[in-house]
Amino acid sequence: MTVLFIHGYPFDHAMWRHQLAALSGWRCIAPDLRGFGESPAGEPDEAAQYSIAMYANDLMAQLDRLGIREAAVCGFSMGGYIAFELLRSHPTRVTAAILCNTKASPDTQEGKADRDAMAALARQRGATAIAEKLLPKLLSPVTVKNQPQVVEEVRAMMTRSSVSGIVGALHALRERPDSTPLLKRIGVPVLLVAGEDDQITPAPPMRELANAIPGAEFVEITEAGHCTPLEQPRAVNAAITAFLRKLG
């Protein structure tokens, strides 16, 4: 079985390094989304062309190039929004879904205004300013206290993102569709992974999200904020491994 890992904003495929190392029993693929890591972003004025559907289509094209017909998808935060899009638009290609630190609802008007402000900040002051703005919201206080290397890893990953990729992703996030109508129609096995201290996608709403998906499993990871796969990789790997083993 192939597992497709989809990173969040404003990260790259390196956020999955612990999972890629641990899940040696499966074929694991972790691409960089357009505009992040080693994937080109295009021109700055192309930001309005970015969408969750664009990312999903990019990933399907990549699987096609690799000769992979179907895969389990594991999406983190924005990657979860993309996983929902794959379930909606390419359902025959998805055998299972692992949704980490994400939600199904679209941005509120306040949320859209915040995306616009962040895009302006990125254009004016670059990726470093975005990293410093986001970092306090991303990690558990336990991580900040006990794992300074994780703090620096997350900061470095955000800082190396391209401004074009950041602005494009913010547009995609701002305009993402509402996936709540999809939930009751999901017919593949689903695992949801939440962080106990997540400020961005808190655990209680993620539990409600799991309850809305037929047969979905839910795991809450202690001493983890939004970046659960990096903050508590052993617990996340154990949850993912147990889920994948049940798929056969």
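Under this note's numbering, the first residue of the sequence shown is numbered 406, with each subsequent residue one higher.
Beta carbons: idealized from backbone N, C-alpha and C, even for Gly.
Compare the C-alpha of residue i against each of the options and name the closest.
{"i": "Ala599", "options": "Glu622, Met465, Ala534, Val408", "result": "Glu622"}
{"i": "Pro638", "options": "Ala426, Arg470, Phe416, Gly592", "result": "Ala426"}
{"i": "Leu587", "options": "Gly573, Ala574, Leu614", "result": "Leu614"}
{"i": "Phe441", "options": "Ser569, Asn551, Leu492, Lys542", "result": "Ser569"}
{"i": "Pro496", "options": "Asn642, Arg565, Val556, Pro594", "result": "Pro594"}
{"i": "Gly592", "options": "Ala501, Thr513, Ala536", "result": "Ala501"}
Would you mind sorting residue i into buried or exposed? The rule is 16 or more other CB atoms within 10 Å of its CB.
{"i": "Pro619", "result": "exposed"}
{"i": "Leu471", "result": "exposed"}
{"i": "Ala647", "result": "exposed"}
{"i": "Asp417", "result": "buried"}
{"i": "Asn506", "result": "buried"}
{"i": "Gly653", "result": "exposed"}
{"i": "Arg530", "result": "exposed"}
Determine the DSSP secondary structure at residue i, reduced to helix, strand or coil.
{"i": "Leu544", "result": "coil"}
{"i": "Leu597", "result": "strand"}
{"i": "Phe648", "result": "helix"}
{"i": "Arg520", "result": "helix"}
{"i": "Gly485", "result": "helix"}
{"i": "Arg432", "result": "strand"}
{"i": "Ile658", "result": "There is no way to answer for residue 658, as the model of the chain reaches only from 406 to 653."}
{"i": "Ile591", "result": "coil"}
{"i": "Leu438", "result": "coil"}
I believe residue i touches residue j by the beta-carbon criterion, under 8 Å. Please report the beta-carbon distance rounded to the nearest angstrom.
{"i": "Ile645", "j": "Ile503", "result": "6 Å"}
{"i": "Lys517", "j": "Pro610", "result": "About 19 Å; that fails the 8 Å criterion."}
{"i": "Leu544", "j": "Ala476", "result": "Not really, about 29 Å apart at Cβ, beyond 8 Å."}
Cβ contact (3+ pairs, closer than 8 Å) linking the region 486-502 and the region 575-590: yes
Touching by the beta-carbon criterion (3+ pairs, under 8 Å), the region 426-445 and the region 506-526: no
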